[in-house]
Structures are given as structure tokens and as C-alpha cells.
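A short write-up of the structure that comes next.
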Amino acid sequence: MTRRRSPALVFATRSGGTTIDRDAFGGNPFATALIQVTGEPSVPFRRLPGRLRTLTVQGSQRHQVPQWTKWPERVRWSFRLEPGSRQERRCALVLIVSDYTCAGLSPLGGAAHDERRISAMLSANGFSVVQGVAPDRASLIEALDGFRRVATGHDVAVIYSTGHGIESNGSVYLMPGDYPFKYGCSPARLRTKAVPVDRIAAACRASVLNLVFFAGCRTPASKMGPT
44 MTRRRSPALV
54 FATRSGGTTI
64 DRDAFGGNPF
74 ATALIQVTGE
84 PSVPFRRLPG
94 RLRTLTVQGS
104 QRHQVPQWTK
114 WPERVRWSFR
124 LEPGSRQERR
134 CALVLIVSDY
144 TCAGLSPLGG
154 AAHDERRISA
164 MLSANGFSVV
174 QGVAPDRASL
184 IEALDGFRRV
194 ATGHDVAVIY
204 STGHGIESNG
214 SVYLMPGDYP
224 FKYGCSPARL
234 RTKAVPVDRI
244 AAACRASVLN
254 LVFFAGCRTP
264 ASKMGPT
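Here my numbering = 1-based position in the sequence shown + 43.
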């Protein structure tokens, strides 16, 4: 049985922090930084999250300070496909929630823009990209289940996800467009109506390297009204 590496997870902001939907480039400063750093051949893979944090902090004027877990520092790998390099089986899921009109919230125009430009970056670097723009929870779960099956047959899997994000009891959740925000964000309601970032990460099942980038907020659930 092939041993699969646990996904490395990078958040666009610190615990309890929020993110910016639109910067000078039309999207999240974290997405802007990721596009820049993946195109820099001089950055060793082990230093990629630190460089990503530096660029995001600068681009957001210190509003966002990325954090990460389980970064595989000993892995020798690059987003860039160099001429003559071994061809890897690369797949990616860009999982975006930008339409919150059903929940009575304004749409996230920057998130929709990031879906297009992150997908383009990944495609240019040899990834087979699945675009999961989904407003409701059922569609998000379906996209994750489908990608889990795809990733199992690949060497490298990447997920980039964004939308409104909530943090509760140490867990971070992607909020679907059909989430009932008016009832608040109790732990029980988040478990059944939102999508845990851990579940997003679990869909990365490639054999060599798995990376997850979550660009949403980590707003404390206590700030979201009645529970």
C-alpha cells in the first residue's frame, strides 16, 4: 500500500484574523502573493511559506499574516516545471464560494477573480485543474469527494479554497452560500451546515505531495451573532 503524505495547510491569515477580498490586483493579497512566489525560481521549496507570508504581509499592509502547519521542508519540489524535468501527475482543485446572495450577504468579487487567476497559474504549471465554484454545501461536498478520487491517482495534489471563513474551538470552516447566518455559528450548526477546512484537506490524496491553501477569514464564531 502506498503511504500518502499528510497535507500541508497554509492559512491566509492568523487565528481570529480576517482577509481582504480585493487588493490592487483585484483579489486577496494572499492569492497575489501565491501567484508571485510560485513564479520565483530562486525560492527553495522549504522557504516558500515564509516568502508567501512576507509578500502577503506587505500586500495587505500587515492586515494578513499567514500561518501554516506540517510544511514538508525536506521535500525537493517546485511549482515551476523546468525544461527536461520529470513529468509528474499533478492535479488541483480551486474551490471557491463567492455568491452569498442567498444568505443575504454581498458577493465576494475578489474571490471570483482569484478563482480565475489561481486556476490559470496552476494550469500554467502543469496541473490538471478542477474548478469548483459552488454556492451551496452539497455542491462543495460533491466537488471534494470527486477530487479525492482524482487525487488518489496523482503524484501531487493542490487545493486552493476561499470564501467566508469562521473559526470555532480551534477548527476553521468554509461557509457555503446557503449557510443560515441569521441563526449564528454554534459548533453543532457549523458541523452540519459548513465545511471544515480539515475535510477540504482530507481530499488531497496524492502519493508524493499534498498542499492546501485556505484564503478565507478565520473570524471567531462568537462574533457572528446568536448561537
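For glycine and all other residues, C-beta sits at the position ideal for the given N, C-alpha and C.
Original post:
Excluding the five sequence neighbours on either side, which residues of its own chain have a C-beta within less than 8 Å of the C-beta of THR144, listed in chain order?
Top reply: Your numbering for residue 144 matches position 101 in the sequence shown. The residues are PRO150, GLY220.
Subject >> Residue from PRO115, ASP179, GLY70 with nearest C-alpha to VAL255 >> reply: Numbered from its first residue, the sequence shown carries residue 255 at position 212. Considering only alpha carbons, the answer is PRO115.
Original post:
Would you call the stretch 158-173 and the stretch 68-79 touching, i.e. three or more CB-CB distances under 8 Å?
Top reply: yes
**OP:** Using beta-carbon positions only, say whether THR97 and ALA51 come within less than 8 Å of one another.
**Re:** Within the sequence shown, residue 97 is the residue found at index 54, counting from 1. Within the sequence shown, residue 51 is the residue found at index 8, counting from 1. No, the pair does not count as a contact, with Cβ atoms beyond the cut-off.
Original post:
For MET267, which option in PRO230, THR235, PHE88 has the closest C-alpha, if you only look at C-alpha atoms?
Top reply: Within the sequence shown, numbered from 1, the residue matching residue 267 stands at position 224. Ranking PRO230, THR235, PHE88 by Cα distance to MET267 puts PRO230 first.
Original post:
Which partner residues of GLN110 appear in the DSSP bridge assignment?
Top reply: Here residue 110 corresponds to residue number 67 of the sequence shown, with the count starting at 1. Paired residues: PHE54.
Subject >> The beta strand (DSSP E) enclosing PHE256, as first and last residue numbers >> reply: Mapped onto the sequence shown, residue 256 falls at position 213. Looking at the DSSP string, the run of the beta strand (DSSP E) that includes PHE256 is 252-257.
Subject >> First through last residue of the beta strand (DSSP E) which encompasses SER214 >> reply: Within the sequence shown, numbered from 1, the residue matching residue 214 stands at position 171. That run of the beta strand (DSSP E) goes 214-217.
**OP:** Counting only the same chain and skipping the five closest in sequence on each side, list residues whose C-beta sits under 6 Å from that of PRO178.
**Re:** Counting from 1 along the sequence shown, the entry for residue 178 is found at position 135. For PRO178, where only same-chain residues beyond five positions count, the Cβ hits under 6 Å are ASP142, GLY220.
Original post:
Between which two residues does the alpha helix (DSSP H) harbouring SER166 extend?
Top reply: As a working mapping, residue 166 is identified with position 123 in the sequence shown. SER166 -> alpha helix (DSSP H) spans 152-167.
Original post:
Going by DSSP, which residues form a beta bridge with ILE202?
Top reply: Start at 1 with the first residue of the sequence shown, and residue 202 comes out as number 159. Per DSSP, LEU136, VAL255.
Subject >> VAL176 versus VAL118 - alpha carbon distance >> reply: In the sequence shown, the residue the question calls residue 176 occupies position 133. In the sequence shown, the residue the question calls residue 118 occupies position 75. Using only the alpha carbons, I get a separation of about 31 Å.
**OP:** Name the two residues that bound the continuous alpha helix (DSSP H) containing VAL173.
**Re:** For the purposes of this step, residue 173 is taken as residue 130 along the sequence shown, with counting starting at 1. From DSSP, VAL173 is part of no alpha helix (DSSP H) but of the beta strand (DSSP E) over 171-176.
Subject >> Nearest-angstrom Cα separation, counted from ILE202 out to PRO101 >> reply: Working through the sequence shown from its first residue, we reach residue 101 at position 58. Working through the sequence shown from its first residue, we reach residue 202 at position 159. It is worth fixing the name first, because residue 101 is Gln in this sequence and not Pro. Each residue's alpha carbon lies about 24 Å from the other.
**OP:** Take every Cβ of the stretch 242-262, pair it with every Cβ of the stretch 185-200, and state whether three or more of those distances are shorter than 8 Å.
**Re:** yes
Subject >> Top-ranked residue by Cα proximity to ARG132, from ILE139, VAL140, PHE122, VAL53 >> reply: Here residue 132 corresponds to residue number 89 of the sequence shown, with the count starting at 1. The option with the nearest alpha carbon to ARG132 is PHE122.
**OP:** Report the three-state DSSP secondary structure of THR45 (helix, strand or coil).
**Re:** Position 2 of the sequence shown, counting from 1, holds the residue named residue 45. At THR45 the pLDDT is 48, less than 50, meaning the model places this residue with poor confidence and gives no usable figure here.
Original post:
Cα-Cα, which of TYR222, ALA146, LYS225, PRO239 is closest to ARG261?
Top reply: For the purposes of this step, residue 261 is taken as residue 218 along the sequence shown, with counting starting at 1. When only C-alpha atoms are compared, the closest one is PRO239.
Subject >> Residue ranges of each beta strand (DSSP E) within the stretch 222-246, 3 or longer >> reply: none
Subject >> Cβ pair LEU148, PHE54 closer than 8 Å >> reply: Reading the sequence shown from its first residue, position 105 is the one you call residue 148. Reading the sequence shown from its first residue, position 11 is the one you call residue 54. No. Outside cutoff.
**OP:** Assuming GLN174 contacts VAL137 (C-beta within less than 8 Å), just tell me the rounded distance between them.
**Re:** On the sequence shown, residue 174 is found 131 positions in, with the first residue counted as 1. On the sequence shown, residue 137 is found 94 positions in, with the first residue counted as 1. Confirmed, about 5 Å.
Original post:
Would the beta-carbon of GLY259 fall within 8 Å of that of GLY206?
Top reply: As a working note, residue 259 is residue 216 in the sequence shown. As a working note, residue 206 is residue 163 in the sequence shown. Cβ atoms of GLY259 and GLY206: closer than 8 Å.
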